[in-house]
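Trainee: Numbering (the working numbering), first residue to last: 137 to 562. The beta carbon of each residue, even a glycine, is placed where N, CA and C say it ideally should be. Source: prediction; values computed, not measured.
1. Kindly indicate which three-state DSSP category residue 127 falls into: helix, strand or coil?
2. For residue 354 versus residue 297, is the C-beta spacing smaller than 8 Å?
3. Relative to the C-alpha of residue 557, which residue among 544, 529 and 547 is closest?
4. Please identify the residue among 224, 157 and 479 whose C-alpha is closest to the C-alpha of residue 182.
5. How about residue 169 and residue 145: are their beta carbons less than 8 Å apart?
6. Does the distance from the C-beta atom of residue 244 to that of residue 265 stay below 8 Å?
7. For residue 455, which residues in the same chain have their Cβ closer than 7 Å to its Cβ, ignoring the five residues on either side in sequence?
8. Does residue 496 pass the burial test, meaning 16 or more other C-beta atoms within 10 Å, or should it be called exposed?
9. Three or more beta-carbon pairs under 8 Å between the region 300-308 and the region 358-376, yes or no?
10. Suppose the cutoff is 8 Å on Cβ atoms and the five residues either side in sequence are ignored; what does the same chain contact list for residue 178 look like?
11. Bridge partners for residue 345 per DSSP, in chain order?
12. Should residue 554 go down as buried or exposed, given a rule of 16 or more other Cβ atoms within 10 Å for buried?
13. Report yes if the C-beta distance between residue 263 and residue 141 is below 8 Å; otherwise report no.
14. For the region 397-410 against the region 315-325, do three or more pairs of beta-carbon atoms, one drawn from each stretch, fall closer than 8 Å, so that the two count as touching?
15. Quick one: measure Cβ to Cβ for residue 395 and residue 205, integer angstroms, because I've assumed they're closer than 8 Å.
16. Going along the chain, which residues of its own chain have a beta-carbon closer than 6 Å to the beta-carbon of residue 194, five neighbours each way excluded?
17. Counting pairs of beta carbons, one from the region 430-437 and one from the region 148-158, are three or more of them closer than 8 Å?
18. Taking all protein chains shown into account, decide if residue 383 is buried (16 or more other Cβ within 10 angstroms of its Cβ) or exposed.
19. When DSSP builds the beta bridges, which residues end up paired with residue 278?
20. Could you tell me the boundaries of the beta strand (DSSP E) in which residue 250 lies?
21. Measure the C-alpha to C-alpha separation of residue 444 and residue 428 and round it to an integer number of angstroms.
22. How many angstroms separate the CA atom of residue 238 from the CA atom of residue 347?
23. In terms of residue numbering, what span does the beta strand (DSSP E) encompassing residue 564 cover?
24. Under a Cβ-count criterion, where at least 16 other Cβ atoms within 10 Å of its own Cβ denotes burial, should residue 313 be classed as buried or exposed?
25. Label residue 545 either buried or exposed according to how many other C-beta atoms from any shown protein chain fall within 10 Å of its C-beta, with 16 as the threshold for buried.
26. Helix, strand or coil for residue 441? Go by DSSP, reduced to three states.
27. In angstroms, rounded to a whole number, what distance separates the CA positions of residue 129 and residue 423?
28. Helix, strand or coil for residue 564 per DSSP?
29. Starting from residue 164, follow the beta strand (DSSP E) in both directions and report where the run begins and ends.
30. Report all residues from its chain with a CB closer than 8 Å to the CB of residue 441; omit the five preceding and five following residues, and keep chain order.
Laid out in structure tokens, this is it:
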């Protein structure tokens with residue numbers, strides 16, 4: 137039997153274990169999780185690691201497109217944008233239904249992953265882990281490693297001139313839990329991605345003033361009276377925050393909704409990928425290490441439908457590991473990577489890190505992955521239709537879109553049960 141190691145038991149790790157477990161007669165599966173529970177980023181206030189969610193967070197995707205395609209959320213849940221706690225309950229049910237916990241070693245930290253040997257291009261791996269309950273360090277030899285640790289651990293702190301002179305507080309949104317600390321404060325909120333907009337929604341009712349700093353031309357929904365849009369921060373000087381248009385304001389807190397960087401500290405230098413400008417380089421199908429094809433990354437992509445993508449990527453990795461589909465040569469993999477990078481980054485003039493942003497390309501990507509793995513997933517057509525609708529209304533008014541309610545009709549159609557009247561013209 138082949139020995140396979142999965143790192144992480146959050147949504148990506150669970151999807152990976154599920155796909156692999158369908159071939160448990162051929163594979164010996166071991167998953168390592170640093171916490172004492174499953175759920176990854178959806179576990180708030182985890183005693184064993186810091187996660188990037190907060191108490192009242194609601195999912196950015198509706199329940200109709202959030203779940204694993206082989207295990208949809210219950211249709212009797214009325215609301216579409218479900219709270220964090222409900223997502224966590226769903227993951228617990230998913231793990232129980234497919235009996236996944238039997239493969240997971242909880243409270244185990246992966247210290248090092250390294251190449252043990254390489255014969256005719258076939259590598260064997262050594263995974264060094266520490267049992268956090270006993271302190272014992274052991275080594276696990278395996279044939280494949282699947283990294284499913286997410287991408288919301290290493291904070292991205294932008295370098296701003298004069299940052300050390302600022303007399304107020306600078307806080308990354310990773311540490312946000314609720315609005316209590318922000319009552320009566322003047323805040324410069326930097327970043328208008330989903331995390332920034334979610335937190336704006338939480339604090340605008342209690343803050344004295346919010347300056348929402350961003351450069352996304354799509355984000356221009358009307359703001360409450362105590363809030364206004366401002367451009368990027370150019371520099372800081374003591375009490376002063378100077379924006380790129382020359383405007384100067386003062387604030388108690390600069391709240392950084394500036395995201396995270398890819399980080400793989402447990403991978404040795406022999407196999408750690410080159411991350412350039414927050415772009416994980418040289419990966420086939422956005423998930424297979426070209427130089428080390430038995431090293432897989434499940435869930436590198438951003439701003440798509442993660443649970444569905446985890447499932448499809450895990451199916452493809454499993455198909456390769458079990459040899460149900462033919463291996464791809466390094467030359468072919470390199471060609472695919474370079475063509476994808478040219479098509480989605482170089483030609484449109486985007487940044488290297490935009491390689492991983494799949495908002496507008498995820499369904500084409502999903503079709504490619506499913507065709508190659510031979511595993512089609514239900515809900516493909518209707519999911520794309522709901523996603524397009526939600527993206528449209530979220531951009532129009534991010535304060536109101538999560539009150540919307542939808543219902544699936546069939547594999548290709550959905551109906552709008554409720555949307556705020558502000559969206560009536562869409």
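Mentor: Judging by the given coordinates:
1. Any property of residue 127 remains undetermined from this structure, which presents the chain solely from 137 to 562.
2. In this structure, the beta-carbon distance from residue 354 to residue 297 does not fall below 8 Å.
3. Taking only the C-alpha atoms, the option nearest residue 557 is 529.
4. The shortest C-alpha separation from residue 182 is found at 224.
5. Yes, the pair counts as a contact, with Cβ atoms nearer than the cut-off.
6. In contact: residue 244 and residue 265 (Cβ atoms closer than 8 Å).
7. Here residue 455 has 461, 509 and 510 as same chain residues with Cβ atoms under 7 Å from its own Cβ, once five neighbours each way along the sequence are excluded.
8. So residue 496 ends up on the exposed side.
9. Contact holds: three or more Cβ-Cβ distances are below 8 Å.
10. Answer for residue 178: 146, 147, 187, 189, 220, 223, 224 and 227, listed in chain order.
11. Under DSSP, the beta-bridge partners assigned to residue 345 are 322.
12. Under this definition residue 554 is an exposed residue.
13. Closer than 8 Å, so yes.
14. Counting Cβ pairs under 8 Å, fewer than three are found: no touch.
15. Actually they do not touch by this definition, with Cβ atoms about 27 Å apart.
16. Excluding residues within five positions, the ones whose Cβ falls inside 6 Å are 217, 219 and 538.
17. A contact exists between the region 430-437 and the region 148-158.
18. Burial call: exposed.
19. Looking at the DSSP assignment, residue 278 forms a beta bridge with 261.
20. Residue 250: member of the beta strand (DSSP E) spanning 244-255, first to last residue.
21. Each residue's alpha carbon lies about 25 Å from the other.
22. Each residue's CA atom was taken as its position, placing residue 238 and residue 347 some 49 Å apart.
23. Outside the displayed range of the chain (137 to 562) lies residue 564, so it cannot be described from this structure.
24. By the 10 Å Cβ count, residue 313 comes out exposed.
25. Classification for residue 545: exposed.
26. Residue state for residue 441 is assigned as coil, using DSSP reduced to three classes.
27. Coverage of the chain is limited to positions 137 through 562, which leaves residue 129 absent and any answer about it impossible.
28. With the chain covering 137 to 562 only, the question about residue 564 has no answer from this structure.
29. Residue 164: member of the beta strand (DSSP E) spanning 163-169, first to last residue.
30. Around residue 441: 197, 201, 202, 498, 519 and 523.
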